[in-house]
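K.L.:
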Amino acid sequence: MKKLRVALLFGGRSGEHDVSLMSARSVLNALDVERYDVTQVGITLDGAWLTGASALEQFEKKDFKGLRHFIPPTQPAAGAFYADESATLREIAALDVFFPVLHGPFGEDGAIQGLFELANAAYVGAGVAGSAVGMDKGIFKDVMRANGIPIVDSLLFLRAEIENELTIVIAKIEKQLGGYPFFTKPANLGSSVGISKCNSASDLGEGLMEAARYDRRIIVERSAGDAREVEVSVLGNENPQTSVCGEILPSREFYSYESKYIDGTSGLVIPAQLPDAVTNQIREYAVRAYQAIDCAGMARADFFVENATHKIYLNEINTLPGFTSISMYPKLWQASGLTYPQLVDRLIELALERKSQRDRTEYRRTV
Ligand SMILES: Nc1ncnc2c1ncn2[C@@H]1O[C@H](COP(=O)(O)OP(=O)(O)O)[C@@H](O)[C@H]1O
Ligand SMILES: [Mg+2]
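The opening residue of the sequence shown carries number -9 in the working numbering; numbering runs sequentially from there.
#1: Which same chain residues end up closer than 8 Å to K162 when comparing Cβ atoms and leaving out the 5 residues on each side of it in sequence?
#2: Residue range of the beta strand (DSSP E) that L304 falls in?
#3: Check the DSSP bridge columns for A217 and list the partner residues they point to.
#4: Can at least three beta-carbon pairs, one atom from the stretch 188 to 196 and one from the stretch 117 to 130, be found at a separation below 8 Å?
#5: So, are the CB atoms of A291 and Y280 less than 9 Å apart?
#6: Roughly how many angstroms lie between the CA atoms of S10 and A43, to the nearest whole one?
#7: Give, in chain order, every unbroken run of the alpha helix (DSSP H) that is at least 4 residues long and sits entirely within the stretch 73 to 146.
#8: Taking Cβ to Cβ, would you say L(-2) is nearer than 9 Å to G97?
#9: Could you tell me which residues DSSP puts in a beta bridge with I33?
#10: Using only CA atoms, which one of G287, A112 and E107 lies nearest to N308?
#11: Identify every residue that forms a DSSP beta bridge with Y188.
#12: For L85 and Y170, I'd like the C-alpha separation in whole angstroms.
#13: Apart from the five residues just before and just after V268, which ones in its own chain have a Cβ nearer than 8 Å to its Cβ?
#14: For G312, verify whether its CB is less than 8 Å away from any heavy atom of ligand 2.
#15: Taking 8 Å as the cut-off, does the CB of S182 come closer than this to any heavy atom belonging to ligand 2?
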C-alpha cells in the first residue's frame, strides 16, 4: 500500500506557538510510520515556514540551523517546494494532506485554511468559515443566538468606543447586562489572553482597556456565576459524533492562561459527574453548534452548567483544540473508546472525505 504523504504543520505566529509544538509532538508520535510519510513543517513566530527531517525537534530547541524554506502550494495541482542552499526550488513529492496543528490566530481562524482551499489541498479540521466563526467570539455568539443555542448575555464594543467613551460604555454595560462580575475578552484570541474578570466599575475600565490591546473588537459578558465548566469533543463531517463530557476544575479564580499552561494544576474529571439528561442536552447543543458554523473534522465545545439549576450555556467552540496526549479533546475520545492513534487516523480520513466532497462541487456553470 502506498503511504499517504502528510504535512504536519506546527508553531505559528500566535501566542499558542509553544502549545502547538506540544500538540504536534503527540500527533507525530501517533502517526503510524507504516501508513504515513510525514513532512515536518514549522512556522516561526515571525511567520517563516521551515522544513527538515527533524524540524519539530529543532523548533522545540529553538535551533533553526539547516532548516529549509518551505513554499506551500498556492495553486491546484502545484506541489510544495523547499529552497536548497543555493535558493533553488526543489519539489517535495505531492502532499496528500495537510495536518495543521496550529492554535489561535492565523492557524485556527480560517487564514491558513484559505491557503489550503486555494491550492485545492486536503486538510484536517474546519474550513474557512467554520474556523473564522469559531474564532470570533462576537460573530459566534450571534450565530448561536440565531440557532436558539443558549449563551450568556453579552455586548460587543469597538476599541475606538472604549478609548473615546469609556464612561458611556461602562454605563451601557451596567444598564444592559445587570450586576457584576463581568468578563471582558478580545473577540479573536484564545488561551484566556487579554481576558479579565471585573468585579467593579474600575475593574471594568481596566479590563476593557486590557482587552482592547489585543483586538479591535471587545466582548463583555455577564458571568455564568456559580457554574461548572464542562467540555465535549465532536468528531466528523456531515454526521458529527460526540464523546462523553468532561469537567475542568480550574485551580484559580477562572480558567486563566496561568491555570491552563503555567501551573498546569487544573484538573480534569472524565466523565463529568452530571445527570444523563444534562449530558445528553450538552451533546445535542454541541452538535447543533458544530453544524451551525459548518465545522468539519473536529472541535471541542465548552459549556457552563449552573450548579443550582443545571442550566446550560455554550461558552465557545475550539476548532483546533489542545491536542497533546493529556489534553481534554483526545482524553474525552479515549474515555469514549477511541485511542489517540485511532483519532489521528480518523481525522486524516475525514480530511480526505471533505476534499472529495469539494471535488464534486461545481464552481461555474458548465454546458
Ligand atoms: N461569562 C463567563 N462566566 C464565567 N466564567 C467565564 C466567562 N467567560 C469566561 N470565563 C472563564 O474564563 C475562561 C476563558 O474564557 P474563554 O471565553 O473560554 O476564552 P478562551 O478562548 O481564551 O479560552 C473560561 O474557561 C472560564 O473559566
Ligand atoms: Mg476557553
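Glycine is no exception: its CB is placed at the ideal position from the N, C-alpha and C atoms.
Computed from a prediction, not measured in an experiment: that's the story for all the values here.
P.N.:
Quick answer:
#1: L145
#2: I302 to N308
#3: Secondary-structure assignment with DSSP links A217 through a beta bridge to E296.
#4: no
#5: yes
#6: 18 Å
#7: 101 to 108, 118 to 125 and 127 to 136
#8: Here L(-2) is not near G97, since their CB atoms are 9 Å or more apart.
#9: G1 and W39
#10: G287
#11: With the sequence shown as reference, residue 188 is identified as Cys, and Tyr is not the correct amino acid for it. C188 pairs with F172.
#12: 52 Å
#13: V295, H300 and I302
#14: no
#15: yes
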